[in-house]
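Residue numbers (this note's numbering): 7 to 471. For reference, the structure is listed below as structure tokens.
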């Protein structure tokens, strides 16, 4: 009898961690936000009190990897649990085809689903797509990207809609994507938003050499790094303010305890480039509150990869694919924890949520794996390698296996690079010649994966972002 009671207790306990609780789920995804762009990730000037508090109340992960280096590929992995290069038809143009999405699975299992903000996952954006019942705050309004209005963020409309959705469906369970445009170009905060972020006296020594190179580029192009960094951080702070409003609404409605809130970014910080290299060479100027011109808003691309990484958006370097990831679910996700052991991927989002909500799937159908153990306080040890490649035939692939990162090449006379991230997270010391056996092993593994990919890719009219 005691054995039966114990077994029943364990069953009940496990069920409480998984399907029985059926938490509400809110997934907030920033755009082009670097690993080091939040206060809780060590930025010396960022003001992100709400996200910092979210991390303090939950777990902050340091080794979460995006599945792509531009907007659509990163979202593809999150929605489908598949690496984006496996799609022959580019999802931004053609959608996900026959692949199942996390929103479809949750909808079929009793969740009310919503999506607010950026889309970039197919040409059809209407209720019912991918099992999403409510879709709001479209990416563009009147053909133009939304800009900041008053003292709120440019993404305020999507947060207002998301809050209304939560109020309407507070009985739950619900799942919503809130996919920000911040901090994607154009980073162009209103004067009112800028005024709320005090003038910045920049000490460049507080940043890495890679970031100081970005400051130098800014100067060469006639910009003031302090002014541009201030504009970037003001934009990020305005997003943090909206997140604060959302979290306060959860508290007001009594939904805090059984809502899993996750924050991440689609890929790393965008590079700072000469504005004259872009198709639209027309100068766009924004007046500083003090009346000083802030040069072309392209120079506001002041995202930071943090103290460990180099690279950013458009690269498979850790600065491009390793991004912030914060999770809070009181009593389930440990508070105040920093997980610097678990290597996670955006492709894990679908199988992990299925495990948490009790949805049965065939794990072999997905590239990601169930990493819910890490969310619930354990350490996730990967059994599958992570792979990156863009949806073009001759693009260079990369893989991460354990601590080893291999950047392969499909071009003649192009260098293959191999790094041990345990000793060299900045990927500066190429070990390809010193570690021939590891190079051989990982090259064979990478080649075997690329051999499974489509031989050609089909694209439509969408642009990479």
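Cβ coordinates follow ideal geometry from the N, Cα and C atoms, glycine included. Just so it is clear, the structure is predicted and the values come from calculations on it, not from any experiment.
Residue i and residue j closer than 8 Å at C-beta
i	j	result
residue 272	residue 35	yes
residue 94	residue 336	no
residue 191	residue 118	no
residue 418	residue 400	no
residue 181	residue 252	no
residue 322	residue 234	no
residue 136	residue 107	yes
residue 378	residue 330	no
residue 161	residue 202	no
residue 37	residue 275	no
residue 345	residue 67	yes
residue 350	residue 386	yes
residue 453	residue 90	no
residue 254	residue 195	no
residue 333	residue 64	yes
residue 240	residue 311	no
residue 193	residue 52	no
residue 56	residue 250	yes
residue 278	residue 305	yes
residue 116	residue 97	no
residue 372	residue 113	no
Residues near residue i by beta carbon distance below 6 Å, same chain, minus five either side
i	result
residue 244	159, 199
residue 212	50
residue 425	411, 433
residue 320	75
residue 33	183, 268
residue 185	35, 123, 124
residue 138	109, 119, 121
residue 455	393
residue 210	218, 221
residue 361	376, 378
residue 40	274, 275, 309, 310, 311
residue 383	340
Contact set for residue i: own chain, Cβ-Cβ below 8 Å, skip 5 residues either direction
i	result
residue 58	44, 45, 46
residue 428	409
residue 285	In this predicted model, residue 285 has a pLDDT of only 44, less than 50, meaning its place in the structure is not dependable; the value taken from the coordinates is given anyway. Excluding positions up to five away in sequence, the list is empty.
residue 133	139, 140, 141
residue 313	42, 48, 214
residue 422	412, 413, 414, 415, 438, 445, 449
Supposed contact pair residue j and residue i - C-beta distance, whole angstroms, cut 8 Å
i	j	result
residue 352	residue 71	7 Å
residue 404	residue 69	Incorrect: roughly 16 Å between the Cβ atoms, too far for contact.
residue 341	residue 62	7 Å
residue 365	residue 111	5 Å
residue 179	residue 388	No, residue 179 and residue 388 are not in contact; Cβ-Cβ is about 29 Å, not under 8 Å.
Residue i, DSSP secondary structure in three states
i	result
residue 330	strand
residue 5	With the chain represented from 7 up to 471, any question about residue 5 goes unanswered, as that position is not in the structure.
residue 469	coil
residue 13	Because the pLDDT at residue 13 is just 39, under 50, the model does not fix this residue reliably, and the value given afterwards should be weighed accordingly. Residue 13 falls in the helix class under three-state DSSP.
residue 252	helix
residue 146	Bear in mind that the predicted position of residue 146 carries a pLDDT of just 49, short of 50, making it too unreliable to give a figure here.
residue 118	strand
residue 287	At residue 287, the pLDDT of 40 sits below 50, so the modelled position is not reliable; the number obtained from the coordinates is stated separately. It is coil, neither helix nor strand.
residue 47	helix
residue 393	strand
residue 209	coil
residue 325	helix
residue 305	helix
residue 263	coil
residue 3	Only positions 7 to 471 of the chain appear in this structure, which leaves residue 3 out of reach.
residue 65	strand
residue 185	strand
residue 218	helix
residue 413	strand
residue 157	coil
residue 343	strand
residue 270	strand
residue 227	coil
residue 314	coil
residue 358	helix
residue 258	helix
residue 351	strand
Same chain, Cβ closer than 7 Å to residue i, five either side skipped, listed in chain order
i	result
residue 231	208, 221, 224, 225
residue 470	76
residue 171	120, 140, 182
residue 447	none
residue 316	216, 323, 325, 432, 433
residue 130	101
8 Å Cβ cutoff, residue i in contact with chain D
i	result
residue 398	The structure shown contains no chain D; it holds only a single protein chain.
**OP:** For the stretch 418-467, list the beta strand (DSSP E) runs that are entirely contained and at least 3 residues long, ordered along the chain.
**Re:** 423-426
Original post:
Quick one: complete alpha helix (DSSP H) runs, 4+ long, within the stretch 84-133?
Top reply: 97-100, 108-114
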